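Notes to accompany the following structure.
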Amino acid sequence: MRIEDEKTRRLLAGVLGIVLFAAVSGASAQDAPRLSPRQIENRTGPPGAAAGQTTMAWNTASRRAVAVAFARHYLPGVEAEAGIDWDGDTDQCTAGAVGSDFLDATTARINYFRAQAGVSTIAGNATLSAQCQETALVMARQGATSHYPADDFPGNPCLSVEAETAAAKSNLLLDYVGPAAIDRLMIDPGVSNRYAGHRRWLLYPRQQAMGNGSIPAAGGYRAAHCNHVIGSFKPATAAAAVPWPNQGYVPWQVVPAEDQDPARWSFTYPGAGFASATVSVERLGKDGGAMSVIKEQVANGYGDNTLVWKIEDVPAAAPERDTTYRVSIAGVTGASQGSFVYDVTVIDPYDLGLDLQPQGPAQPGVGLASTYSFDAFDDADSFDVRVARTEEGDWTEGAEEVPDPHVLDQTSGGYDLFSTAVKASGQRSFHLAAPGLDHPEQAFAIDRIVVPSADSVLRFKNLRRCASVGSVLRAQVSRDGQSWQTVWSRAGQALLLCTSVNWDAAFQSVSVPLPSELAGQTVQVRFQYTIGGSMVFGGTGTSLGFFVDDVEVTSSQELVDATRTELPAGSDSFTLTPEEEGELWLQVRPRIGDVRYAFSTPAIVTAVTAALLCGDGSGDGNVTALDALLALKAAVGAAGCSLQLCDVNGSGGLTASDALLVLKYAVGSDVALECPGA
């Protein structure tokens, strides 16, 4: 139910002491512009790369290539969204312009999707973008979209020839701008977009250049975006299929999934007939089976001919493991073949599928330099090495210390995370609420490096106050602080009215076993509250949101005294010089762009102070054939071994000769070992 009447909304707010917001369940996006095949051919121009075009391409059959491309080409656009730098004024009908970085990021987001789909990238066009800026202004001022605004919005004061010209040739959208608008157009939700026309123009292989215009929400007007897609097309090339999501590996963040209304997948083939085609989708592997699929009505004229279907039960979250969906299409006419079968494998791109566990001496000497190696990873921009000790995880976070050195406050909207009014114990608790629709996600994280065991349980207490049925509190864990796995969730229950009758009478205790695969890994814990549904209860008073208290992880350890060292690209080893005896955890993680991935499985070593035995590279107190092998590996750069112990001929370096001498000594040959450091 939506509450559109402002008088009614204010009355309810006065009665309840809260603000009731009508949430935008789906941004307005009119059906995409449409052209007949003849009209498309009439717009064919000479091929060639236009100024400002950036070529992107990667192999979607390579999991790592897809994950790296997500970091390099998708995520930078997320950062750019905050820097729109618009200099116009909707109230004064001044279209203005957005910042060049923002505009470039919008074009880059289009090219990310095109490259992921296997089609050529496009150039940004300044003239088309300027026209689109005028169109977006009209849409923002009107609060509606139209491909013919002069006819539909004759009284709009911002109308111009440029706006009218671009509107008929563009994808139009309200409530989103820049890269986020391109994401939304690729999803193409809503009844009016059943042909996925916006997506089809974005991925049309014959595109050469596009323009983009964005007007942010300001002065009581809605945000609007114009994406100019009908211009001069390249001549047709050899026909090829363009499915979305693409064949091969694809990040889960860009896959149409169950949180969209509805989730639509599509398959494009130039000139193909899909009127009698059938489609089925099967999830392979564990928990596999046939998916629920409904074919949409077939309509041509949005770029190339396309089959579109709605699909249910595709999770809108990071998969616990790579998940493959097999798409089978039959009954196609006018194509190179009558049926197509392809696999879509959904991945978490924050998981690179590699483990850079360090290799080296198990007992490094205190005050001595020991070398540890890890697998080379050419795509990384740098590496972080973490060295830390462990202690038993005997802690409870109850919001008692303000500021709390072990809490990362990730809330927005200017309210206080720490509440003294409501608590399960002590003097405070954590409060997550929604300041308004412009702050839909609130969170806090426990700033501790937790090492769970197979028996670890996340324990906490929570209290629910006014929260709509579409709003959810989640407990989550992460190995990298970026990709979060939900281990527990609880939704709100209020529909229209929320009083103390709907509240929890007392804090509820929760115990959640942590996933067994996290045992022995390093993780972080956070609590996230997201608002959603056809309406939400906005505000930060004690009658709203959720309260959390007394957080702990049982049967766990914690990394402490951690130090981090950054290594340059191309590194494959590092040196450790322990300062004191004791157990140390050594871990490595790569960085690509702004993404720092999860730390590796730890190498657990024990620093010792002892009489050094020349040739005992492993530090176990004996010289054996294994030490000879270690010395040989160190000589060729495949393992770490200190010069003090493995340079047995005193040459100042490690060679195969050192390994041979260690082997002779180990089998009792009459040789002398002359380590300079032992």
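The opening position of the sequence shown corresponds to residue 102 in the numbering used here, with each subsequent residue numbered one higher.
Note that the Cβ used here is the ideal one computed from N, Cα and C, for glycine as well.
Owing to the predicted nature of the structure, the values given are computational and were not obtained by experimental measurement.
- Annotated as proximal: ALA168 and GLY454, with beta-carbon spacing under 9 Å.
- Using a Cβ distance threshold of 9 Å, SER656 and GLY499 do not count as a contacting pair.
- Spatial neighbours of ALA419 in its own chain (CB-CB distance under 7 Å, excluding positions within 5 residues in sequence) are listed in chain order as TRP353, ASP449, SER584 and GLN586.
- Judged by DSSP secondary structure, ASP650 falls within the beta strand (DSSP E) whose first and last residues are 647-654.
- For the 9 Å CB-CB criterion, VAL433 and ASP444 do not form a contact.
- Along the segment 620-699, the beta strand (DSSP E) occurs as fully enclosed runs of 3 or more residues at 624-631, 636-639, 647-654, 657-669, 674-677 and 683-693, listed in sequence order.
- Following the DSSP letters along the chain, one finds PHE484 inside the beta strand (DSSP E) bounded by residues 483-493.
- In the DSSP assignment, GLU542 falls within the beta strand (DSSP E) that extends over 542-553.
- Just measuring C-alpha positions, the residue of ALA431, SER377, VAL394 and GLY389 sitting nearest ARG365 is VAL394.
- Unbroken alpha helix (DSSP H) stretches of 4 residues or longer found wholly inside the segment 376-447: none.
- A direct Cα-to-Cα measurement between ARG295 and ALA535 gives close to 33 Å.
- When the Cα atoms are used, GLN609 and ARG560 turn out to be separated by approximately 11 Å.
- Rounded to whole angstroms, the separation of the alpha carbons of GLY571 and ILE632 is 6 Å.
- With 16 or more neighbouring CB atoms inside 10 Å of its own CB, GLN543 falls in the buried class.
- ASN212: member of the alpha helix (DSSP H) spanning 201-218, first to last residue.
- In this structure, the straight-line span from the alpha carbon of ALA337 to that of ARG307 is close to 7 Å.
- Sequence-distant Cβ neighbours of LYS387 in its own chain, meaning closer than 8 Å and more than five residues away, are ARG422.
- The residue from ALA595, LEU615, VAL380 and GLY751 with its alpha-carbon nearest to that of SER644 is ALA595.
- Annotation for THR702: ASP456 and GLN458 place their beta carbon closer than 6 Å to its own, counting only its chain and skipping 5 residues before and after.
- Ranked by Cα distance from GLY256, the first of GLU263, ALA267 and GLN243 is GLN243.
- In the same chain as SER474, and ignoring 5 residues on each side of it, the C-beta atoms closer than 8 Å to its own belong to PRO459, GLN460, GLY461, ASP673, SER674, GLY738, ALA739, ALA740 and GLY741, in chain order.
- As a beta-bridge residue in DSSP terms, TRP366 pairs with TRP410.
- In the three-state scheme derived from DSSP, where H, G and I count as helix and E and B as strand, GLN583 is classed as coil.
- With a beta-carbon spacing of about 29 Å, ALA162 and GLY374 fall beyond the 8 Å limit used to define contacts.
- Scanning LEU746, ILE693 and LEU733 for the CA closest to the CA of ARG173 turns up ILE693.
- Below 8 Å, too few C-beta pairs join the segment 614-629 and the segment 500-507 to call them touching: fewer than three.
- Within its own chain, the residues whose Cβ lies closer than 7 Å to the Cβ of THR521, once the five positions on either side in sequence are excluded, are GLN528 and ARG529, listed in chain order.
- The secondary-structure analysis by DSSP pairs TRP589 across a beta bridge with ALA576.
- Counting along the chain, the unbroken beta strand (DSSP E) around GLY349 starts and ends at 349-352.
- Distance between CYS715 and ALA757, taken at the CA atoms: about 16 Å.
- Taking all protein chains in view, the Cβ of ASN160 is surrounded by fewer than 16 other Cβ atoms within 10 Å, so the residue is classified as exposed.
- The beta carbon of GLU413 is closer than 6 Å to those of SER393 in its chain, skipping five residues each way along the sequence.
- In this structure, the straight-line span from the alpha carbon of LYS396 to that of VAL278 is close to 30 Å.
- With the rule of 3 Cβ pairs closer than 8 Å, the segment 215-226 counts as touching the segment 307-324.
- Its chain contains ALA181 and GLY184 as the residues whose beta carbon lies nearer than 7 Å to that of ASP202, once the 5 sequence neighbours on both sides are disregarded; these appear in chain order.
- Straight-line spacing of the CA atoms in VAL199 and SER315 works out to 7 Å.
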